[in-house]
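Input: a single structure, listed below in structure tokens.
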Amino acid sequence: MKGAPGRPGTTGTALIKFCLSTFKQNSPLACFFPNLYGVKLENEAPLFFFISAYIISAAEQVYLLIFGDSLPLEYIDDFGRILQVLCVLVALIFLWLGTKILGLRRESRPSDPLGIGPDASTFGNNLGTCAVLLTLSCLGLVSQWHEVGSEGFSFLFQAVCFFAMCQSPEKPRESAVIFSVGLVVLFFGTSVHVALSILLAAIFIFSFVYPWTLVKKSFLRSTFYFLTSTTLFVVLIYQSDESQNFYVWINGQLDLFEVRPFYVIKNWLWTWWPLWPICLVMLYNLVKFEKFNQPHLKFLGILLVTQSFFPLMGLLTNDGQKFIPIVPLTVMAAFGLLFLPKIVADLLDWFALSLFTFLGFVVWFYWIALHSGLPAEVFANITRAAPGISKVVNTNDLILGVIISLFWIYLILWRLKFIHPNIWRPVVLVQADWAYMGITYYALGSSSKYQQRVSEYSSLT
Numbered sequence: 036m037k038g039a040p041g042r043p044g045t046t047g048t049a050l051i052k053f054c055l056s057t058f059k060q061n062s063p064l065a066c067f068f069p070n071l072y073g074v075k076l077e078n079e080a081p082l083f084f085f086i087s088a089y090i091i092s093a094a095e096q097v098y099l100l101i102f103g104d105s106l107p108l109e110y111i112d113d114f115g116r117i118l119q120v121l122c123v124l125v126a127l128i129f130l131w132l133g134t135k136i137l138g139l140r141r142e143s144r145p146s147d148p149l150g151i152g153p154d155a156s157t158f159g160n161n162l163g164t165c166a167v168l169l170t171l172s173c174l175g176l177v178s179q180w181h182e183v184g185s186e187g188f189s190f191l192f193q194a195v196c197f198f199a200m201c202q203s204p205e206k207p208r209e210s211a212v213i214f215s216v217g218l219v220v221l222f223f224g225t226s227v228h229v230a231l232s233i234l235l236a237a238i239f240i241f242s243f244v245y246p247w248t249l250v251k252k253s254f255l256r257s258t259f260y261f262l263t264s265t266t267l268f269v270v271l272i273y274q275s276d277e278s279q280n281f282y283v284w285i286n287g288q289l290d291l292f293e294v295r296p297f298y299v300i301k302n303w304l305w306t307w308w309p310l311w312p313i314c315l316v317m318l319y320n321l322v323k324f325e326k327f328n329q330p331h332l333k334f335l336g337i338l339l340v341t342q343s344f345f346p347l348m349g350l351l352t353n354d355g356q357k358f359i360p361i362v363p364l365t366v367m368a369a370f371g372l373l374f375l376p377k378i379v380a381d382l383l384d385w386f387a388l389s390l391f392t393f394l395g396f397v398v399w400f401y402w403i404a405l406h407s408g409l410p411a412e413v414f415a416n417i418t419r420a421a422p423g424i425s426k427v428v429n430t431n432d433l434i435l436g437v438i439i440s441l442f443w444i445y446l447i448l449w450r451l452k453f454i455h456p457n458i459w460r461p462v463v464l465v466q467a468d469w470a471y472m473g474i475t476y477y478a479l480g481s482s483s484k485y486q487q488r489v490s491e492y493s494s495l496t
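When the letters of the sequence shown are read in order and numbered with our numbering, they come out as residues 36 to 496.
Structure below.
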């Protein structure tokens, strides 16, 4: 898995290092549009690496002031990862707020003629929490957020745009400004297609979906004014010697790649697990009970369709194909938990528990083979795949691995006894699976590779 601790850095690390070198040469704009020493990278978005390099450059000065030495090279990659995680954490807050607002709407709540269900505030809080947990349990996202790249940055401003649209019926002008800022940052921080897909979704939502139609003129007019003034501002102040880089980047963004919709769908089967089974169950129930006219489902459906269009048509790279529809899909899955039959929830539970128990066993098996030399064939495969890997047992990491495995066994026993079909149970279990797998891998699989990682970074300089 590229970008994991103990493995070489990704293109993002190289871009940050190049940005740092241009900062030191007092020519920061030379790296605003992604390039490595003049070689343009049209498929990368500029803003995340530019901001990351600026923050790391400031951190270098602080480190020099405190310790009297330059910042170690391997820390640059760590800074990039930390910034990505911070973006994800803030994005989850906006996702929770937007989902809660959507759940508070009267038309979004299930009918409760007897008044025995949760009140509106509790219902909205539960939906927001489920959306956050579903996001964290999504296979495709977790596999990318540990790397140095702009995926977390993209997720942050997609969540900001989603939050702005959710609250726009009550605060149209304020929401339009927030939405427009999010679009501009997405344009330079992710890709042109992401920003265009969300703008297209907003036009459809405010034109055809109640209650957003009530503030159509106010919201879209304010958005148009803000985007127009921002465009004029950029054109007027941007240096003419860098304009060519901008055109090269735009042309690269607009290139039409090979159209492979079935390849994308095949990847999405694992990328969006466990979201798509929940959404399919919800779709089946909507067809069965003819409940297509609910405004919040129209809102999420338009977002999902528009944001899925570009990757299906081949307009994005593989990474883009994975991350485009994350916000509408997770929120739709959160609402879909209301439709989830007990048998499907149980199936998701036991599939996740079985899969991650097996993966945990594999991690322990390879760790024992590395440190004992048995089986000899497995030991030979490990040393061939990772030459120079340390075989010294780290006691602290071993204790952590044992403790988290004991917690995992306790979770399985808890699931055997717990039979109540709570709305949060499937998402909590899937998230616990990821926590177990992640901590076990990092405790047993990555600590012995750290020195190898440091030497790899040193060799790149």
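Every residue, glycine too, gets a C-beta built ideally from N, C-alpha and C.
Cβ of residue i within 8 Å of Cβ of residue j?
i           : j           : result
residue 18  : residue 199 : Because the chain spans 36 through 496 in this model, residue 18 falls outside it and cannot be assessed.
residue 317 : residue 386 : no
residue 379 : residue 166 : no
residue 185 : residue 224 : yes
residue 360 : residue 332 : no
residue 337 : residue 239 : yes
residue 193 : residue 398 : no
residue 394 : residue 309 : no
residue 236 : residue 314 : no
residue 125 : residue 191 : yes
residue 158 : residue 144 : yes
residue 388 : residue 307 : no
residue 437 : residue 406 : no
residue 219 : residue 248 : no
residue 129 : residue 195 : yes
residue 344 : residue 257 : no
residue 342 : residue 142 : no
residue 374 : residue 320 : yes
residue 118 : residue 90  : yes
residue 408 : residue 400 : no
residue 242 : residue 251 : yes
Using a 10 Å radius around the Cβ and a threshold of 16 neighbouring Cβ atoms, would you call residue i buried or exposed?
i           : result
residue 103 : exposed
residue 21  : Because the chain spans 36 through 496 in this model, residue 21 falls outside it and cannot be assessed.
residue 327 : exposed
residue 161 : buried
residue 137 : buried
residue 207 : buried
residue 391 : buried
residue 226 : buried
residue 440 : buried
residue 430 : exposed
residue 443 : buried
residue 335 : buried
residue 189 : buried
residue 305 : exposed
residue 324 : exposed
residue 83  : buried
residue 267 : exposed
residue 85  : buried
residue 449 : exposed
residue 99  : exposed
residue 123 : buried
residue 197 : buried
residue 451 : exposed
residue 446 : buried
Got a sec: is the Cβ-Cβ distance from residue i to anything in chain D below 8 Å?
i           : result
residue 225 : As a matter of chain content, chain D is missing from the structure shown, which is built from one protein chain.
Answer yes or no: the CB of residue i versus the heavy atoms of the ligand SAH, is any distance below 7 Å?
i           : result
residue 377 : In the structure on display, the ligand SAH does not appear, and there are no ligands present to speak of.
Does the stretch 128-141 come into contact with the stretch 192-209, if we say contact requires no fewer than three beta-carbon pairs (one atom in each stretch) closer than 8 Å? yes
Pair every Cβ in the stretch 211-229 with every Cβ in the stretch 253-264, then say whether three or more of these pairs are closer than 8 Å. yes
Please determine if the stretch 112-119 and the stretch 88-96 are in contact, where contact requires at least 3 C-beta pairs separated by less than 8 Å. yes
List in chain order: all unbroken alpha helix (DSSP H) runs of 4+ residues lying wholly within the stretch 353-395. 353-358, 361-371
Please give me, in chain order, every unbroken run of the alpha helix (DSSP H) with length at least 4 that falls completely inside the stretch 167-246. 174-180, 186-202, 207-224, 227-243
Sequence ranges, alpha helix (DSSP H) only - wholly within the stretch 96-140, length at least 4: 108-139
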